[in-house]
Amino acid sequence: MVPVRYTGAVSAIRINGKETARKKREEAAARAALLRERGIVPCLAVVLLGEDPASLSYVSAKERALEETGMAGRDIRLPAETSEEDLLALIAELNRDTTVHGILVQLPLPGHITGDRVITAIDPRKDVDGFHPVSVGNLVLGRPGFLPCTPHGVLVLLQELEIPLSGARTVVLGRSNLVGKPLANLLSRREVNATVTICHTGTRDLAAHTREADILIAAAGRAGLVTADMIKEGAVVIDVGVNRVPDSGMKRGYRLCGDVDFVPAAEKASYITPVPGGVGPMTIAMLMQNVIEAAEAQGAAG
Ligand code: NAP
């Protein structure tokens with residue numbers, strides 16, 4: 000396990016997700032250039048229903064990243080009232096389109112649409128979000144396949160920092176299909192070898208679990224849920240949460256924060272991710288990597 004770095008006034012090393020993400024995006028850009036030399040322009044279709052402000056900003060960030068990485072983006076914006084049948088028909092069309100290598104339907108979807116049906120309709124070869132049951136199955140079985148971007152981004156961040164993972168007592172706070180569950184599966188794969196505990200709203204005495212963690216990963220979506228007293232001295236703290244907290248001092252009326260009470264937690268941890276600037280940029284970098292992998296595989300298959 001990482002040595003305890005905290006001694007009085009010295010606080011945790013702030014993990015720079017932007018820097019690691021930049022490195023990963025450069026690697027993706029180099030692979031994209033090789034594909035372009037072969038006449039293949041990796042292309043991601045991004046489908047957005049409605050105008051949810053958070054979704055709009057995520058989609059714009061993805062489109063900027065595609066451009067910077069030398070890939071093409073097919074930006075498809077539809078009204079929130081679009082019917083499920085029309086959305087499924089669009090996905091079928093994108094599945095057939097050989098110039099589109101990846102398909103991403105921005106979540107959450109409006110209430111009248113069954114998310115599971117939509118995700119399952121995506122061709123697994125184009126499932127760059129890694130949410131299709133085939134991708135989930137491959138992840139659980141330890142087979143090659145698309146890894147979901149946020150969990151993969153967390154793993155890569157830990158690996159880049161050379162945090163010892165084998166045998167590390169790891170607590171994942173959250174069990175959603177998008178983050179907590181795949182992350183726990185990924186970390187407990189044999190080649191990663193962490194010992195993983197998953198916590199959720201049914202967990203009794205949450206702090207008793209988190210205080211045991213060498214690596215604590217918060218993905219609950221609750222601002223301030225993880226306080227310093229819940230963290231073991233010297234632990235590595237990864238904050239996946241992105242919460243909007245009202246703040247009249249900010250022009251936009253809110254500020255972004257994670258699930259961890261950052262300042263006091265940083266005095267206890269050995270490493271900690273900030274929000275923003277920690278896990279978020281890694282999610283996009285891993286998406287770029289998945290689009291490249293999809294384009295390489297489809298290019299090889301002709
Ligand atoms: P979600 O679907 O709402 O799941 C939250 C999970 O946390 C659930 O399993 C829930 O337990 C658990 N939880 C909530 N409150 C809790 C509490 N007080 N004690 C213990 N467990 C609690 O959210 P999500 O999609 O997984 O996302 C989690 C957070 O990550 C959100 O803030 C989201 O914005 C953020 N996120 C960030 C990125 C990124 O790139 N940085 C990407 C995706 C998501 P139950 O299952 O018992 O309800």
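Numbering (numbering that gives the first Met the number 0) for the sequence shown: 0 to 301.
We put the beta carbon where it would ideally sit given N, CA and C, even for glycine.
All values derive from a computational prediction rather than experimental measurement.
In the DSSP assignment, find the unbroken alpha helix (DSSP H) run with residue i in it and report its ends.
i: Pro181; result: 179 to 186
i: Arg116; result: 114 to 120
i: Arg254; result: It is not in any alpha helix (DSSP H) - Arg254 instead sits in the beta strand (DSSP E) that spans 253 to 256.
i: Thr202; result: From DSSP, Thr202 is part of no alpha helix (DSSP H); its letter is neither H nor E.
i: Val170; result: Val170 -> not in any alpha helix (DSSP H); beta strand (DSSP E) instead, spanning 168 to 172.
i: Val133; result: 132 to 140
i: Val45; result: Counting along the chain, Val45 falls outside any alpha helix (DSSP H), though it belongs to the beta strand (DSSP E) covering 42 to 48.
i: Gly16; result: 16 to 36
i: Glu67; result: 52 to 67
Could you check whether residue j and residue i sit closer than 7 Å to each other, using their CB atoms as the reference points?
i: Val170; j: Thr209; result: yes
i: Val45; j: Asp74; result: yes
i: Gly72; j: Leu43; result: yes
i: Ala120; j: Ile162; result: no
i: Ala293; j: Gly38; result: no
i: Leu215; j: Val236; result: yes
i: Asp204; j: Arg168; result: no
i: Ala265; j: Met229; result: no
i: Gly141; j: Arg188; result: yes
i: His151; j: Met285; result: yes
i: Cys198; j: Leu224; result: no
i: Ile283; j: Ala32; result: no
i: Ala193; j: Leu160; result: no
Is residue i buried or exposed, if buried means 16 or more other CB atoms sit within 10 Å of its CB?
i: Ala88; result: exposed
i: Gly7; result: For Gly7, the predicted structure reports a pLDDT of 46, less than 50, and the residue's modelled location is therefore unreliable. The matter cannot be settled from this model.
i: Arg21; result: exposed
i: Val244; result: exposed
i: Lys250; result: exposed
i: Ala219; result: buried
i: Val195; result: buried
i: Val58; result: buried
i: Ser175; result: exposed
i: Leu154; result: buried
i: Ala11; result: buried
i: Tyr253; result: exposed
i: Arg76; result: exposed
i: Pro143; result: exposed
i: Ser269; result: buried
i: Asp260; result: buried
i: Pro52; result: exposed
i: Ala300; result: exposed
i: Lys23; result: buried
When you compare each of the options to residue i by their alpha carbons, which one comes out closest?
i: Gly277; options: Pro109, Ile121, Val241; result: Val241
i: Gln297; options: Leu43, Lys267, Thr97, Glu18; result: Thr97
i: Phe130; options: Leu77, Leu146, Asp228, Ile271; result: Leu146
i: Leu128; options: Cys148, Leu138, Ala284; result: Sequence inspection shows Asp at residue 128; the Leu mentioned does not correspond to that position. The option with the nearest alpha carbon to Asp128 is Cys148.
i: Ile14; options: Thr272, Ala300, Met285; result: Thr272
i: Val290; options: Pro263, Val99, Val239, Leu77; result: Val99
i: Glu50; options: Gly301, Thr81, Leu33; result: Thr81
i: Glu295; options: Lys17, Glu18, Arg30; result: Arg30
i: Val262; options: Ala234, Ala227, Asp115; result: Ala227
i: Arg221; options: Gly233, Glu211, Lys231, Thr200; result: Thr200
i: Glu232; options: Gly114, Lys267, Glu211; result: Lys267
i: Glu211; options: Ala234, Ile118, Leu108; result: Ala234
Note the first and the last residue of the continuous beta strand (DSSP E) segment covering residue i.
i: Thr282; result: Premise fails: Thr282 lies in the alpha helix (DSSP H), 278 to 299, not in any beta strand (DSSP E).
i: Asp332; result: Because the chain spans 0 through 301 in this model, residue 332 falls outside it and cannot be assessed.
i: Ile102; result: 101 to 104
i: Pro245; result: 242 to 245
i: Leu89; result: Counting along the chain, Leu89 falls outside any beta strand (DSSP E), though it belongs to the alpha helix (DSSP H) covering 83 to 95.
i: Ala71; result: 71 to 77
i: Leu302; result: The structure shown does not extend to residue 302, since the chain is modelled only from 0 to 301, so the question has no answer here.
i: Ala217; result: 214 to 217
Would you grab the beta carbon distance between residue i and residue j for me? Rounded to a whole angstrom, and I think it's under 8 Å.
i: Val40; j: Met70; result: 7 Å
i: Met287; j: Ala27; result: 4 Å
i: Leu48; j: Ala79; result: 6 Å
i: Asn94; j: Lys61; result: Actually they are not in contact, since the Cβ atoms of Asn94 and Lys61 sit about 20 Å apart, beyond 8 Å.
i: Leu138; j: Leu185; result: 7 Å
i: Pro307; j: Val133; result: Here the chain comprises residues numbered 0 to 301, so residue 307 is not present and cannot be evaluated.
i: Asp238; j: Val274; result: 5 Å
i: Leu156; j: Thr19; result: 6 Å
i: Gly279; j: Gly16; result: 7 Å
i: Arg116; j: Glu83; result: 7 Å
i: Gly257; j: Ala217; result: 7 Å
Run the proximity test for residue i: is its beta-carbon closer than 6 Å to any non-hydrogen atom belonging to the ligand SAH?
i: Ser59; result: Of the ligands one can find in the structure shown, namely the ligand NAP, none is the ligand SAH.
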